[in-house]
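Working notes, beginning with the structure itself.
Chains as they are written, first to last, in this note's numbering: chain Y, 1 to 111; chain Z, 112 to 225.
Here's what the structure looks like:
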């Protein structure tokens, strides 16, 4: 599975959009981009995933560049409860299902 | 309804003891996992079972022995506990098949070895 690079930390004002970048320049054609988050002391929580097209659900939007070498997770209206570590993970559909977590981005939403 | 539940939530024990952590999922998934999160917050996979069959066994000491009595349960038994085993252990489940289904995680078991 391809490696990902994320900034270690970011701040966002409450009510504003939080844009979390991820680089995955070695991604291959059958690999999906996943985003999970871990709120303090809780288990990781699935947010969204995509292959090529942009995706949106009730939690967030995922924008994947045309060359698929990077992506951005967008939380449209960040709240204090969105403060967490956000993990960008690349995984192929053919692997055993395991997730390889990096260091992630610690997002601090401030009032 | 808790999708993936682990027991106990906290476990404090002495070095050398044997302990078990239980995990159950009610999502109907066929694949279950154990992950370990150490004090530096790195999350790393330990084991995975698909339909009760072991499919992933990372470089984990053989003091750790997972057991899957059925698709809905994956337990983790740890023998001769060491200080370095102190960590948060997360159970997860997913459904295998085409595409890339997401995994759902339990709330974790914080193991402290003293």
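Think of the CB as a built atom: it goes at the ideal place given N, C-alpha and C, for glycine as much as any other residue.
Hey, would you say residue 205(Z) sits closer than 7 Å to residue 97(Y), going by beta carbons?
-> Position 94 of the second chain, counted from the first residue, corresponds to residue 205(Z). Position 97 of the first chain, counted from the first residue, corresponds to residue 97(Y). For residue 205(Z) and residue 97(Y), yes; Cβs fall inside 7 Å.
Buried/exposed call for residue 234(Z), threshold 16 Cβ in 10 Å = Residue coverage of chain Z in this structure runs from 112 to 225, which leaves residue 234(Z) outside it and unanswerable.
Which word fits residue 134(Y), buried or exposed, when buried means at least 16 other C-beta atoms lie within 10 angstroms of its C-beta?
-> Absent from the model: residue 134(Y). The displayed extent of chain Y is 1 to 111, so no value can be given.
Find the residues of chain Y that neighbour residue 166(Z), judging by a C-beta separation of less than 7 Å, and give them in chain order.
-> On the second chain, residue 166(Z) is found 55 positions in, with the first residue counted as 1. Here the neighbours are 96.
Starting from residue 37(Y), trace the beta strand (DSSP E) both ways and give me its first and last residue.
-> Here residue 37(Y) corresponds to residue number 37 of the first chain, with the count starting at 1. Element bounds for residue 37(Y): 31 to 38.
Beta strand (DSSP E) containing residue 138(Z): first to last residue?
-> As a position in the second chain, residue 138(Z) is number 27, starting the count at 1. No beta strand (DSSP E) holds residue 138(Z); DSSP gives it neither H nor E.
For residue 86(Y), decide whether its Cβ has a neighbour in chain Z, counting only Cβ atoms nearer than 7 Å.
-> On the first chain, position 86 is the one that residue 86(Y) refers to. Not an interface residue.
Flag this pair as yes or no: are the beta carbons of residue 201(Z) and residue 146(Z) separated by less than 7 Å?
-> One-based indexing of the second chain puts residue 201(Z) at position 90. One-based indexing of the second chain puts residue 146(Z) at position 35. In contact: residue 201(Z) and residue 146(Z) (Cβ atoms closer than 7 Å).
Pair within 7 Å by beta-carbon distance, residue 79(Y) and residue 20(Y) | Here residue 79(Y) corresponds to residue number 79 of the first chain, with the count starting at 1. Here residue 20(Y) corresponds to residue number 20 of the first chain, with the count starting at 1. Against a cut-off of 7 Å, the Cβ pair of residue 20(Y) and residue 79(Y) comes out as no contact.
Flag this pair as yes or no: are the beta carbons of residue 162(Z) and residue 141(Z) separated by less than 7 Å?
-> As a working note, residue 162(Z) is residue 51 in the second chain. As a working note, residue 141(Z) is residue 30 in the second chain. Yes.
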